[in-house]
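Since the structure comes first, as structure tokens, the remarks are kept for the end.
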Amino acid sequence: MNKEKLKFLNSNQVREIAQKFQTPVFVYSEKEIENRCNVAKNFPNAFGITVRYAMKANPNAKILQIMHKNGIHIDASSIYEVERALLVGFSAHQILLTSQQPPKPEKLKEIVEKGVQFNACSLYQLELFGKIFPNQEISIRINPGLGSGHTKKTDVGGTNSSFGIWHEYIDKVKELLSKYNLSVIRVHTHIGSGSDPEVWKAVAKHTLEYAEIFPTAQIVNLGGGYKVGRMSDEKTTDFQVIGEPVKKLFQEFEQKYNRKLHLEIEPGTHMLANCGVLISEIVDIVDTGQKGYTFIKLDTGMDANTRPSLYGARHPLIVVPKNRESNGVEKEYVVVGHCCESGDLFTQKMGGDLETRVLDFAEIGDYMVMEGVGAYCAGMSTKNYNSFPETPEILITKEGELKEIRRRQTLAQIIENEIFD
Ligand SMILES: *Cc1c(COP(=O)(O)O)cnc(C)c1O
1 MNKEKLKFLN SNQVREIAQK FQTPVFVYSE KEIENRCNVA KNFPNAFGIT
51 VRYAMKANPN AKILQIMHKN GIHIDASSIY EVERALLVGF SAHQILLTSQ
101 QPPKPEKLKE IVEKGVQFNA CSLYQLELFG KIFPNQEISI RINPGLGSGH
151 TKKTDVGGTN SSFGIWHEYI DKVKELLSKY NLSVIRVHTH IGSGSDPEVW
201 KAVAKHTLEY AEIFPTAQIV NLGGGYKVGR MSDEKTTDFQ VIGEPVKKLF
251 QEFEQKYNRK LHLEIEPGTH MLANCGVLIS EIVDIVDTGQ KGYTFIKLDT
301 GMDANTRPSL YGARHPLIVV PKNRESNGVE KEYVVVGHCC ESGDLFTQKM
351 GGDLETRVLD FAEIGDYMVM EGVGAYCAGM STKNYNSFPE TPEILITKEG
401 ELKEIRRRQT LAQIIENEIF D
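Residue numbers for the sequence shown follow our numbering, beginning at 1 and rising by one.
Here it is, written out as structure tokens:
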């Protein structure tokens with residue numbers, strides 16, 4: 001395995017941030033985020049593109065504001081995300097709600113009247129919308145019958161997935177459309193996170209068939225799920241490579257049907273994953289004897305990054321010595337989190353078996369930098385487990401300034417909603 005390197009920080013910056021803000025701490029790079037915004041906006045397209053940031057990847061208000069400033073729109077996965085996006089300055093029409101949980105009718109009415117777009121993800125959701133807003137335009141999410149994700153837990157297409165309207169129920173969709181006099185403006189698919197580019201391309205083709213079936217459709221939304229290599233042996237999906245053939249499909253569609261379809265994509269991981277790191281301190285090192293392992297214990301864990309325990313996900317780990325130079329010696333380690341849970345392992349295989357990692361020789365007090373934690377970490381964690389406070393977030397601005405964008409939680413905040421004598 002190649003040795004992992006720091007992606008956007010250097011060792012001195014790591015030491016400076018750790019000393020100034022204490023560990024554990026998330027650090028994001030505004031410059032890197034803007035680069036990703038530009039890559040997404042340059043996704044090949046025939047007749048225009050809208051990029052929607054899947055805000056569940058990292059819903060921090062400051063990060064949402066960076067997206068907003070860069071002309072990115074929003075994919076919201078709940079009513080609460082819609083409200084969070086509105087709060088930071090997105091206008092309602094920039095938000096598309098694609099939610100597993102059907103919104104309460106009053107809420108749905110309120111947000112749609114404001115201008116938020118609603119993507120019906122089930123027949124029930126479609127009917128719910130039709131009852132409140134007959135004679136309107138609607139967007140539909142279809143489960144195209146095939147899916148692909150990095151793991152079973154992130155695959156959201158095919159018979160094993162409850163996401164979207166099953167593709168064989170198009171006739172039922174049509175019945176509801178005529179019952180409430182609705183017209184489909186957008187067809188939407190999203191088949192999983194970390195999906196195979198080949199499967200994604202096949203799904204893009206299917207999605208255009210749905211645009212054929214619904215002649216009022218003007219927008220084709222191909223969702224997110226674009227793979228990102230966090231480890232140096234993993235590949236990142238190249239938008240130019242996967243986008244070109246899809247652009248051709250849009251052109252062919254136009255020639256055949258004389259309709260210029262607008263493209264939408266909804267990357268989450270691709271926008272943020274490699275724009276963030278988690279700096280922690282090595283607080284203990286133990287071993288289990290000759291036939292055992294050497295364990296590095298960190299002052300962070302699954303309460304900051306749950307992905308390894310949840311998916312067996314791998315993140316680059318880099319030892320930054322606190323106050324000595326690295327002497328080139330390497331050693332095999334198991335790296336564990338601070339939660340009282342054997343599954344709080346940062347080096348594990350899918351399924352939970354322990355794995356070792358060759359790292360620079362480490363001492364107690366050194367820093368450990370975990371890369372690839374910009375997406376689905378700070379916003380998706382077993383927060384407050386073992387009563388550890390929520391980890392603060394720092395942004396390195398384009399001007400090189402270190403800005404706190406989320407404070408470390410206090411004990412009072414952890415228990416603020418508890419009622420006791
Ligand atoms: C989660 C999600 C995305 C983003 O997925 P990534 O793997 O982060 O790119 C896009 N669209 C929808 C509907 C989602 O639920």
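Ideal Cβ positions, reconstructed from N, Cα and C, are used throughout, including at glycine.
Keep in mind it's a predicted model, so treat the numbers as computed, not measured.
It is roughly 10 Å from the alpha-carbon of Q348 to the alpha-carbon of R357. Looking at the DSSP output, D360 bridges to E330.
With contacts defined by Cβ atoms closer than 9 Å, G192 and G147 form a contacting pair.
A direct Cα-to-Cα measurement between P389 and G158 gives close to 38 Å. Only exposed fits Q19, as fewer than 16 other CB atoms lie within 10 angstroms of its CB. G229 and G115 have their C-alpha atoms spaced approximately 36 Å apart. Collapsing the DSSP output to three states places I72 in coil. In the structure shown, Q255 falls within a helical segment according to DSSP collapsed to helix, strand and coil. The beta-bridge partner set that DSSP reports for H188 consists of R141, N221. Cβ-Cβ separation between I213 and I170: approximately 6 Å, consistent with a contact (criterion under 8 Å). Within the same chain, N58, P59 come within 6 Å of G379 by CB-CB distance, once the 5 residues on both sides are set aside. Following the DSSP letters along the chain, one finds Q125 inside the alpha helix (DSSP H) bounded by residues 123-132.
With a threshold of 8 Å, the Cβ atom of Y210 does not count as near ligand 1, since no heavy atom of the ligand is closer than that. Not one heavy atom of ligand 1 lies closer than 8 Å to the C-beta of E81.
Annotated as proximal: I285 and K297, with beta-carbon spacing under 9 Å. Counting C-beta pairs with one atom in each stretch, the segment 309-320 and the segment 2-21 have three or more that are closer than 8 Å, which means they touch. In this structure, DSSP gives V335 an extended state, which the three-state scheme calls strand. Assignment of M350 by DSSP, reduced to helix, strand and coil, places it in the coil class.
Secondary-structure assignment with DSSP links A54 through a beta bridge to D75.
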